[in-house]
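What follows is one structure encoded as structure tokens, with my remarks underneath.
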Amino acid sequence: MAFLFKRSTKTTSDTVKQLNEQILKLETSYGSEKKKAQDDITRHLVTIKMFINGDAHTFTDSAQSFHESTTHLCQEVINADLIYNLIVHLVDIEFDSRKIVMTLFNFLLGQRVSNKLITVEYLLKNPKVIYALMQGPQSMEVSLNMGIMLRDALKYEQLASMIMSTQSFWPYFRFVDSECFEIATDAFATLNDLFREHPNVVSTFFSSDSNTQKFIDNINSLILNGNYVTKRESTKLLADLMMVKLNYNMMTRYVNDVENLKVIMLLLGDKSKNIQIEGFNVFKIFVANPKKEKAIVDILVKNREKLLEFLFSLNKERGDDLFIAEKDYIIQQVESLPKIVSTEKNLDGKDPFLSAL
Numbered sequence: 016m017a018f019l020f021k022r023s024t025k026t027t028s029d030t031v032k033q034l035n036e037q038i039l040k041l042e043t044s045y046g047s048e049k050k051k052a053q054d055d056i057t058r059h060l061v062t063i064k065m066f067i068n069g070d071a072h073t074f075t076d077s078a079q080s081f082h083e084s085t086t087h088l089c090q091e092v093i094n095a096d097l098i099y100n101l102i103v104h105l106v107d108i109e110f111d112s113r114k115i116v117m118t119l120f121n122f123l124l125g126q127r128v129s130n131k132l133i134t135v136e137y138l139l140k141n142p143k144v145i146y147a148l149m150q151g152p153q154s155m156e157v158s159l160n161m162g163i164m165l166r167d168a169l170k171y172e173q174l175a176s177m178i179m180s181t182q183s184f185w186p187y188f189r190f191v192d193s194e195c196f197e198i199a200t201d202a203f204a205t206l207n208d209l210f211r212e213h214p215n216v217v218s219t220f221f222s223s224d225s226n227t228q229k230f231i232d233n234i235n236s237l238i239l240n241g242n243y244v245t246k247r248e249s250t251k252l253l254a255d256l257m258m259v260k261l262n263y264n265m266m267t268r269y270v271n272d273v274e275n276l277k278v279i280m281l282l283l284g285d286k287s288k289n290i291q292i293e294g295f296n297v298f299k300i301f302v303a304n305p306k307k308e309k310a311i312v313d314i315l316v317k318n319r320e321k322l323l324e325f326l327f328s329l330n331k332e333r334g335d336d337l338f339i340a341e342k343d344y345i346i347q348q349v350e351s352l353p354k355i356v357s358t359e360k361n362l363d364g365k366d367p368f369l370s371a372l
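Under our numbering, the first residue of the sequence shown carries the number 16, and numbering increases by one thereafter.
The following block contains the structure:
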């Protein structure tokens, strides 16, 4: 591997061109020829990494200004469509070289020319790159690499807006349910960033009733059918989004639907205290809503006694003032509901609370 440490005698253009050529060779080469192409790709990527790490003399055409040199590299990469080629062939690149691709991608995202983020503009004009990254969960070998790069891109509001507006992220709700823990966790991390990073983008998305309902259907499905981690994190995401003032349309739509209340009340009866707490953080919004639908009130009245029993016992050991104040307020609201006498039982003899209402 001594070749990795030899100083390059090539220009930026030469390196990018030859790297691109070797990447494309991966499509048609096999055996030793493919291994040679992989080695050459690694060599060129290491050269680029040396430059990124501050070796201003990596390329023979390096300018006196490091900024000018990085701009030149960025422009060459963009002109050659190198980012896209690296991503779609990432699975065929050596393991350590994939890490360099991730470093290069993140580095390029921040490059500015005349105060313009030139790589971000390139990605906006060439959405195929982002769409290629979004296929990551379908390839176990590179899903984590793809996921990190995608989340690096999501830090930029314009790119997040593009993904939201094209609605190309919906399959991620399915990926979260993957049997592979790593893929499921990474997919949820992407969804989490997408819906948290840029509140104005998310608010615009939720201004559409159809978008809002589709999100509710998908998040409820994760809450009802997911494993412990998925259920807890999905409920937490929902609660946090509902507490953002900009998401008023989504919040009101959620708390006015009795089916959503049934979903959340099931969480209150979960055996996990953590899930109970996350469920409470959504449930309290239903109770605090001053304009409850009749169907919502009916269910709360029907389950008044069991709700009070649950609320009084909820996380007694938790001592933070905000939680105690919120819980006390919700108890007061439930206590103010009409009290009814009911002898209704489920088939198993248990009280009809937190079951399939």
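Note that CB positions come from ideal geometry on N, CA and C, so glycine has one too.
Here Met117 has Asn160, Ile163 and Met164 as same chain residues with Cβ atoms under 7 Å from its own Cβ, once five neighbours each way along the sequence are excluded. In the three-state scheme derived from DSSP, where H, G and I count as helix and E and B as strand, Leu276 is classed as helix. The DSSP assignment places 186-190, 196-211, 214-221 and 224-240 as complete runs of the alpha helix (DSSP H) inside the stretch 181-244, in order along the chain (cut-off: 4 residues).
Under the DSSP assignment, Met65 falls in the alpha helix (DSSP H) whose first and last residues are Gly46 to Ile67. For Gly294, the enclosing alpha helix (DSSP H) covers residues Lys288 to Ala303.
Nearest to Ile133 by C-alpha distance, out of Asp167, Ser183 and Ile93, is Ile93.
Of all alpha-carbon atoms in Lys25, Arg189 and His213, the one lying nearest the alpha-carbon of Ile63 is that of Lys25. In the three-state scheme derived from DSSP, where H, G and I count as helix and E and B as strand, Arg333 is classed as coil. Note that the C-beta distance between Glu293 and Ala254 is below 8 Å. Linking Leu169 to Lys321 through their CA atoms gives a straight-line distance of about 43 Å.
Exclusion of the five residues before and after Ile300 leaves Met257 and Val270 as the residues of its chain whose Cβ lies within less than 6 Å of its Cβ.
Here DSSP, grouped into helix, strand and coil, assigns Leu132 to strand. Only residues of its own chain outside the window of five on either side were considered, and among them Ile38 and Leu41 have a CB closer than 6 Å to the CB of His104, listed in chain order. Under the 10 Å beta carbon count, Met155 is surrounded by fewer than 16 other beta carbons and is classified as exposed. With respect to the C-alpha of Ala202, the residue from Lys229, Asn240, Gln153 and Arg333 having the closest C-alpha is Gln153. Under the DSSP assignment, Gln153 falls outside any alpha helix (DSSP H); it carries neither an H nor an E label. Between Ile355 and Leu326, the gap from beta carbon to beta carbon reaches 8 Å or more. Segment contact: the stretch 238-246 against the stretch 205-224, fewer than three CB-CB distances shorter than 8 Å; contact not assigned. Sorting Glu274, Val144, Ala147 and Thr85 by C-alpha distance to the C-alpha of Phe122 places Thr85 at the top.
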